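In the numbering used here, the protein residues as written are 246 to 723.
Here the structure comes first, spelled out in structure tokens, and everything after it is commentary.
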């Protein structure tokens, strides 16, 4: 299926006269400009044959006037050219503004969704502005009066569908709800877009995620938006008691799954959720609750406001060894804490997508592989990011050493910007040759396919990272 794209007309009031003139001039110039240039050319060719007659003087006048008018029409056409385009284009890649809007407001024309972190609405007695904010404090301001209401609804839907890193304020969601209520009789596009986008995401699976505003636990939890999707799982931003934000991870077992395997999986997930709820570390998102509703299993986790490391690297590029080592020490301490529990807690899903850089500059380990293992146990299928999974985990035998492997794979990604090759020792120096050799050797030692050849625990990892950090500090000061 082709990727869904929205094309929305955007005509700010101050520019509408230019759009109207440009529309009329566009068709007039298509006829007038070629005619004038052609007339001037014919007159120029005929004048030498007319010698010094009256016709030659008329011909010279035609040449002069033709060229003058052609140049004038061409100039006007070029001036009005930016106003021919008045369409905003949205897709999963980002948002593209029409040239006229971007150029007259000093904006760039194209944005990727990860550039924005907030969406709000500013209303006054005579205006209503849509504000898309970025981390550097800049805002993309769009006048809601420049849209037809049906297309404005589609714009807000596009932000909701594809702007997964954007936090929508209560004012934004209230405005969107009021607009949807106002457009009750015209919501065909809204429904069609949801169905088309969800169909593309989930393809042949029968699983459909919860929709925004849907309530759980007798109304105590309300879905605000979808954050991520998978074949049999989804992650949502939810609000509890109208004032607390949490992340809700949903796992669904197909109806045709073996009943005994389903029962064992649910029992295991319930037990593990209780263990995870007791985990308390400043760099680990808390598991708040576990519950089952209408055959779906849910883990409620602490919400961490920030950007995951995959988004961060995509936006900011490769990270220098000194920063990666500092981050690695934070993350290694979190994983050492988990492995030090009784019984040890194996995360099972350490990856750049599950490590968030919060607003204070600290790395927070989010999510756990508990729900993935739940689906895998019940269905007999492998769930997870295979580039970050150790061979023994792929065989269904995850250990604390599996987290060491995934941790090393994450460092490879931060240093190279690439996902590692599955089931092989990672050497980032093959991609970035000027990296410290000791750092390359450490990452390779953590990602050895055989457990017996791999660094066994995070205490050893931290000692080697601290040594590397000291060496880099000495080198910088020398």
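Glycine included, C-beta positions come from ideal geometry on N, C-alpha and C.
Keep in mind it's a predicted model, so treat the numbers as computed, not measured.
Backbone secondary structure at residue i - three-state DSSP
i	result
residue 594	coil
residue 253	strand
residue 709	helix
residue 609	strand
residue 467	strand
residue 725	With the chain covering 246 to 723 only, the question about residue 725 has no answer from this structure.
residue 367	strand
residue 719	helix
residue 248	Confidence in residue 248 is poor, its pLDDT being 49 and thus under 50, which makes the residue's placement unreliable; the coordinate value appears in the next sentence. Correct three-state label for residue 248: coil.
residue 551	strand
residue 334	strand
residue 643	coil
residue 660	helix
residue 539	coil
residue 386	strand
residue 512	helix
residue 700	coil
residue 601	strand
residue 654	helix
residue 393	coil
residue 237	The structure shown does not extend to residue 237, since the chain is modelled only from 246 to 723, so the question has no answer here.
residue 666	coil
residue 675	helix
residue 405	helix
residue 589	coil
residue 430	Because residue 430 carries a pLDDT of 43, less than 50, the predicted location of this residue cannot be relied on, and the following value inherits that uncertainty. Three-state result, residue 430: helix.
residue 235	Outside the modelled stretch of the chain, which goes from 246 to 723, sits residue 235, for which no answer is possible.
residue 635	coil
residue 680	coil
When the options are compared against residue i, the one with the closest alpha-carbon
i	options	result
residue 579	707, 693 and 380	707
residue 456	468, 423, 685 and 694	468
residue 574	383, 715, 408 and 398	715
residue 611	253, 658, 380 and 526	526
residue 342	388, 504 and 416	388
residue 717	604, 683, 608 and 704	683
residue 563	653, 470, 677 and 710	677
residue 396	492, 333, 491 and 407	333
residue 702	584, 411 and 688	584
residue 656	690, 511 and 412	690
residue 659	606, 559 and 641	559
residue 496	537, 390, 252 and 420	537
residue 470	508, 421 and 504	421
residue 745	504, 465 and 641	Given that the chain is displayed from residue 246 to residue 723, the structure contains no residue 745 and the question cannot be resolved.
residue 382	398, 375, 400 and 362	362
residue 417	399, 375 and 403	375
For residue i, the residue or residues it bridges with in DSSP
i	result
residue 534	545
residue 356	340
residue 361	379
residue 529	610
residue 413	364
residue 460	467
residue 374	367 and 388
Residue burial classification, residue i (beta-carbon count within 10 angstroms, cutoff 16)
i	result
residue 370	exposed
residue 692	buried
residue 372	exposed
residue 720	exposed
residue 494	buried
residue 357	exposed
residue 634	buried
residue 360	buried
residue 542	buried
residue 670	buried
residue 367	exposed
residue 704	exposed
residue 517	buried
residue 695	exposed
residue 665	buried
residue 394	exposed
residue 512	exposed
residue 380	exposed
residue 679	exposed
residue 697	exposed
residue 460	exposed
residue 399	buried
residue 454	buried
Exercise. Decide if the stretch 520-530 is in contact with the stretch 576-592; the criterion is three or more beta carbon pairs, one per stretch, under 8 Å apart.
Key: yes
Practice problem: Evaluate contact between the stretch 564-579 and the stretch 485-493, counting only Cβ atoms and requiring at least three cross-stretch pairs below 8 Å. | Solution: no
Practice problem: Check whether the stretch 645-659 touches the stretch 522-536, counting contact only when three or more Cβ pairs, one atom from each stretch, lie closer than 8 Å. | Solution: no
Practice problem: Could you say if the stretch 538-555 and the stretch 593-606 meet the contact criterion of at least three C-beta pairs nearer than 8 Å? | Solution: yes
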